[in-house]
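K.L.:
To get the working numbering, take the position in the sequence shown, counting from 1, and add 43.
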Amino acid sequence: MSELNSQSLGKVGVLFGGRSAERDVSVMSGNGVLAALKSKGVDAHAFDPAERSMAELATEKFDRVFIALHGRYGEDGSLQGVLEQLNIPYTGSGVMASAIAMDKIFTKRIWQTHGLSTPKYAVLTPQTQLRTVPDDLGLPLIIKPPHEGSTIGITKVRGYSEMSEAYALAAQFDDVVLAEEFIEGRELTVAVLGQGEQAYALPIIEIVAPDGNYDYQNKYFTDDTRYLCPAPLDPALTQQIQEMAVDAYRALDCEGWARLDVLLRKSDNRPFLLEINTSPGMTGHSLVPMAAKATGMSYEDLCMEILKTARLKIRTEVK
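#1: Tell me, which residues are paired with Tyr292 by DSSP?
#2: Helix, strand or coil: how does DSSP classify Thr198 here?
#3: Using 8 Å as the threshold, is the C-beta distance between Glu127 and Ser141 below it?
#4: Val57 to Ala64, Cα distance in whole Å?
#5: Name the DSSP beta bridge partners of Val55, please?
#6: For a test of the three-state rule: what should DSSP assign to Tyr210, helix, strand or coil?
#7: Based on Cα-Cα distance, which residue from Glu298, Lys187 and Lys54 lies nearest to Ala242?
#8: Within 10 Å of its beta-carbon, does Ala98 have 16 or more other beta-carbons around it, so buried, or fewer, so exposed?
#9: Strictly by DSSP, which residues pair up with Lys356?
#10: Pick helix, strand or coil for Thr175, following the three-state DSSP scheme.
#11: Starting from the C-beta of Ile319, find all residues in its chain whose C-beta is less than 8 Å away, skip the five residues before and the five after it, and write them out in chain order.
#12: Counting Cβ pairs, one atom from each stretch, are 3 or more of them under 8 Å apart for the stretch 211-225 and the stretch 238-254?
#13: Can you tell me where the alpha helix (DSSP H) with Leu77 in it begins and where it stops?
#14: Taking the C-alpha atoms as reference points, what is the distance between Arg178 and Tyr203?
#15: Is the beta carbon of Gly135 sitting closer than 8 Å to the one on Thr326?
#16: If Ile186 and Thr194 are in contact, beta carbons under 8 Å, what's the gap, nearest whole angstrom?
#17: Where do the N-terminal and C-terminal ends of the alpha helix (DSSP H) with Ile148 fall, by residue?
#18: Once DSSP output is grouped into helix, strand and coil, what is the label at Lys187?
#19: Assign Tyr263 to buried or exposed, taking buried as 16 or more other Cβ atoms, counted over all protein chains shown, within 10 Å of its Cβ.
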């Protein structure tokens, strides 16, 4: 993108930080995006919704904003609704797609209606007989809060006696809790860019974490996890997984960008969709920039590509 085009984007707000459990990661993402846009000549400014009000966001008169918030209040449709009301074009998915994608349970329900493969699951409430859940899903199984990311509140349950503690941990973050079949196999992630029929997948990344434990620490703060990009997969299987990721993205009506996590079952090489992130990390350890780099796209160019897609998603009534 030329310098003139960079300037024509106008005054740009980079929204990061926020009040979610993923605030620290969002700060890292936002600082990276802010520096990248400035390096391209964009008139970019930081804005932290945890420290400044939506009234201040309106008075800044941004021509568009880059959302680098993760989790609640930034990735869940609530901020997207505010931006629609303020008439500020924004990056990423719209209100409905963001809200659904943030809820792992509703996401799975929609994927199932589209015939897309996702692990079996159960919704847990305070009334659920926890000891019966492994009878249906098997052991080990995964317990997680359906509205959190970055492996926050997640437990791998290996025995009946661990169910109560795992449920209590996840219930600290959500009113309902998701129990999910454990898929033993390879951990993959697929970034998708674009909108509608123009949406496309970037190269698949395989994540090889120490002892198979891709937790919060190994995601963001250590260099012990290995990332294989492109993932060493058969070409036909690569195409199948990329097409499944794009279908899953379109099924939720996502746009701009997202990252989908996929498990490849060891026993039969069958892929299972795990979840989707509509405002993925942009830190030094993040995976979307890594996948883009494999195609020859720099971090800075990726930020510009995403920023160019900023728009309002709700059509204004014509009178």
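Quick reminder that beta carbons are idealized off the backbone N, C-alpha and C, glycines included.
P.N.:
On the basis of the supplied data:
#1: Residue 292 sits at position 249 when you count from the first residue of the sequence shown. For Tyr292, which the question treats as bridged, DSSP gives no partner whatsoever.
#2: Residue 198 sits at position 155 when you count from the first residue of the sequence shown. Note: Thr198 maps to strand in three-state DSSP.
#3: Locating residue 127 in the sequence shown gives position 84, where the first residue counts as 1. Locating residue 141 in the sequence shown gives position 98, where the first residue counts as 1. Cβ atoms of Glu127 and Ser141: not closer than 8 Å.
#4: Taking the sequence shown and counting its residues from 1, the one referred to as residue 57 is at position 14. Taking the sequence shown and counting its residues from 1, the one referred to as residue 64 is at position 21. If you take the alpha carbons of Val57 and Ala64, they lie about 19 Å apart.
#5: Within the sequence shown, residue 55 is the residue found at index 12, counting from 1. Paired residues: Ala87 and Arg107.
#6: Working through the sequence shown from its first residue, we reach residue 210 at position 167. The answer is helix: DSSP assigns Tyr210 an H, G or I state.
#7: Counted from its first residue, the sequence shown places residue 242 at position 199. Of the candidates Glu298, Lys187 and Lys54, the one whose C-alpha sits nearest the C-alpha of Ala242 is Glu298.
#8: Reading the sequence shown from its first residue, position 55 is the one you call residue 98. Exposed, by the Cβ-count rule.
#9: Looking up residue 356 in the sequence shown gives position 313. Beta-bridge pairing links Lys356 to no other residue.
#10: Reading the sequence shown from its first residue, position 132 is the one you call residue 175. DSSP places Thr175 in helix when its eight states are reduced to three.
#11: As a working mapping, residue 319 is identified with position 276 in the sequence shown. Cβ neighbours of Ile319 beyond the five flanking positions: Ala144, Thr150, Ala291, Tyr292, Leu295, Cys297, Ala301, Arg302, Leu303 and Asp304.
#12: When C-beta atoms of the stretch 211-225 are compared with those of the stretch 238-254, fewer than three pairs fall below 8 Å, so the two segments do not count as touching.
#13: Here residue 77 corresponds to residue number 34 of the sequence shown, with the count starting at 1. Counting along the chain, the alpha helix (DSSP H) containing Leu77 begins and ends at Arg66 to Ser82.
#14: On the sequence shown, position 135 is the one that residue 178 refers to. On the sequence shown, position 160 is the one that residue 203 refers to. The displayed chain sequence assigns Asp, not Arg, to residue 178. Taking the straight line joining both Cα atoms gives about 9 Å.
#15: By one-based count along the sequence shown, residue 135 stands at place 92. By one-based count along the sequence shown, residue 326 stands at place 283. Cβ atoms of Gly135 and Thr326: not closer than 8 Å.
#16: Position 143 of the sequence shown, counted from the first residue, corresponds to residue 186. Position 151 of the sequence shown, counted from the first residue, corresponds to residue 194. Rounded, the Cβ-Cβ distance is 12 Å, inconsistent with contact.
#17: Locating residue 148 in the sequence shown gives position 105, where the first residue counts as 1. Lys147 to Thr156 is the span of the alpha helix (DSSP H), which, as asked, contains Ile148.
#18: Mapped onto the sequence shown, residue 187 falls at position 144. Three-state result, Lys187: strand.
#19: Looking up residue 263 in the sequence shown gives position 220. Residue confidence is low: Tyr263 scores 48 on pLDDT, short of 50, so the model does not pin down where it sits. No coordinate-derived value is stated.
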